[in-house]
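So the structure is just underneath, and the comments pick up after that.
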């Protein structure tokens with residue numbers, strides 16, 4: 003027994019450890035795959051959709067229980083303060099009494115009670131017969147909504163991750179440039195103090211440094227907002243500590259390699275199309291169920307119990323209890339209700355047509371948008387490779403110009419001009435990376451959803 007108990011403790015510790023590891027994330031070296039996997043567990047939007055799916059499951063279970071016979075017990079106890087009377091022909095009691103003579107008879111006692119079991123069962127009820135099939139279809143729609151929400155979250159997290167990666171590269175580059183221009187400005191101040199350069203040259207150096215400092219603060223703010231967006235998509239609680247801790251392990255080149263190496267699979271029926279098809283099916287079921295309202299309803303009811311009548315309240319007196327039971331089969335044929343049923347059926351048939359048109363529109367839009375995005379992706383891929391090559395060339399040019407500047411072959415202004423061209427090349431590269439990665443995310447989302 004002790005051995006079994008120890009094994010149970012070990013198993014519980016293992017499960018607890020696995021569960022705790024599942025809920026932790028390394029913000030200091032966050033990979034894209036880890037971010038997506040973590041968000042699928044902690045995202046509020048996805049969890050809400052999953053709860054709605056569970057609600058639909060419980061509602062279906064409840065609907066199935068509604069088809070069972072309803073058996074319940076009833077009891078009551080009455081103190082009849084004024085006992086009602088009713089007129090009856092006197093001849094019923096006294097055969098010799100005149101025909102038009104009446105007498106009054108009390109039909110209750112000061113105390114009365116009743117207790118028994120009741121049965122109610124709809125053998126066929128047009129109002130509820132199709133509720134189960136509608137709820138089953140609604141559950142399928144909720145399940146598809148959950149999958150769509152998960153795919154949307156994957157796309158949002160991936161986009162937020164890319165935004166952070168690009169913003170980090172941009173901030174690092176601008177920080178390096180700001181440091182460089184700060185050194186130039188300090189040197190210019192020294193030279194101006196020694197009267198080796200003019201006031202205009204010194205001021206120009208300061209304005210260049212101020213412009214770079216402005217770009218640095220803007221880039222810092224962009225990265226800060228990108229981190230906030232990523233943490234929100236992860237489902238993490240925001241704090242300054244987590245914002246400072248957040249670091250990405252995947253750079254732009256690694257993200258490009260990961261995404262472009264993934265094979266894009268075009269699903270013929272996306273989740274949204276399947277969902278719309280289920281909506282059409284649900285509309286058809288509702289129409290069929292509405293047509294059933296023309297049919298009569300058939301129900302079974304029953305009662306088994308006893309009634310107590312006495313001048314005094316003595317419920318234990320068996321002689322005062324009188325049995326009472328019945329079984330009834332009821333048929334209800336709608337007449338005037340058929341008028342409103344006809345209007346309801348017409349509206350539901352129109353809803354069917356609307357859902358079919360929505361599906362056709364969804365299919366056409368998806369095909370057109372997917373074609374545009376795939377063509378655009380190829381363009382963006384080529385553009386990314388060219389901008390990447392240009393950035394590499396500009397980096398080599400800046401290194402060469404810096405060597406020439408150190409040897410005194412060129413002026414500082416010429417080197418600054420080359421640095422500016424490098425900044426422009428970096429911005430074009432980052433824009434190209436953003437375009438190709440974002441387009442890939444949109445295509446993947448389109449093909450799934």
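In my numbering, the protein residues as written are 3 to 451.
Heads up, the beta-carbon is just placed ideally off N, CA and C, and yes, glycines get one too.
Keep in mind that this is a model prediction, so the values were computed, not measured.
Beta-ladder partner(s) of residue i, from DSSP
i, result
"residue 471", "Nothing can be reported for residue 471: it is not among the residues displayed for the chain, which extend from 3 to 451."
"residue 454", "Residue 454 lies beyond the stretch modelled for the chain, which goes from 3 to 451, so this question has no answer here."
"residue 78", "116"
"residue 73", "121"
"residue 324", "309"
"residue 218", "Bridge partners of residue 218: none, in fact."
"residue 32", "250"
Backbone CA spacing between residue i and residue j [nearest angstrom]
i, j, result
"residue 203", "residue 210", "11 Å"
"residue 147", "residue 56", "12 Å"
"residue 295", "residue 274", "32 Å"
"residue 371", "residue 73", "57 Å"
"residue 277", "residue 447", "15 Å"
"residue 290", "residue 348", "11 Å"
"residue 137", "residue 54", "13 Å"
"residue 61", "residue 41", "28 Å"
"residue 145", "residue 431", "41 Å"
"residue 460", "residue 79", "The displayed coordinates of the chain run from 3 to 451. Any statement about residue 460 would go beyond what the structure contains."
"residue 332", "residue 128", "14 Å"
"residue 100", "residue 94", "11 Å"
"residue 450", "residue 231", "23 Å"
"residue 160", "residue 249", "15 Å"
"residue 246", "residue 38", "20 Å"
"residue 310", "residue 317", "7 Å"
Nearest to residue i (by Cα), restricted to the options the options
i, options, result
"residue 121", "287, 431, 328", "328"
"residue 299", "198, 125, 115", "125"
"residue 297", "117, 336, 274, 283", "336"
"residue 188", "205, 356, 176", "205"
"residue 152", "44, 103, 331", "44"
"residue 401", "386, 418, 253, 388", "418"
"residue 92", "411, 107, 437, 185", "107"
"residue 143", "409, 363, 392, 59", "59"
"residue 380", "176, 63, 434, 366", "434"
"residue 158", "75, 34, 235", "235"
"residue 113", "350, 315, 338", "315"
"residue 422", "141, 245, 213", "213"
"residue 255", "436, 49, 67", "436"
Nearest-angstrom Cβ-Cβ length linking residue i and residue j, presumed shorter than 8 Å
i, j, result
"residue 398", "residue 407", "Their Cβ separation, rounded to whole angstroms, is 15 Å, which puts residue 398 and residue 407 out of contact at 8 Å."
"residue 368", "residue 251", "Not really, about 34 Å apart at Cβ, beyond 8 Å."
"residue 133", "residue 65", "5 Å"
Chain C within 9 Å of residue i, Cβ atoms only
i, result
"residue 326", "The structure shown contains no chain C, having only a single protein chain."
* Asked: Should the segment 215 to 229 be called in touch with the segment 341 to 350, which here means at least 3 C-beta pairs below 8 Å?
  -> Because the criterion of three Cβ pairs below 8 Å is not met, the segment 215 to 229 and the segment 341 to 350 do not touch.
* **the segment 222 to 234 in contact with the segment 168 to 179 per 3-pair CB rule at 8 Å** => Cβ pair count under 8 Å is three or more, so yes.
* Contact between the segment 177 to 186 and the segment 308 to 321: three or more CB pairs below 8 Å? -> Because the criterion of three Cβ pairs below 8 Å is not met, the segment 177 to 186 and the segment 308 to 321 do not touch.
* Asked: Any chance the segment 300 to 307 sits against the segment 382 to 389, with 3 or more Cβ pairs inside 8 Å?
  -> Not touching, per the Cβ criterion.
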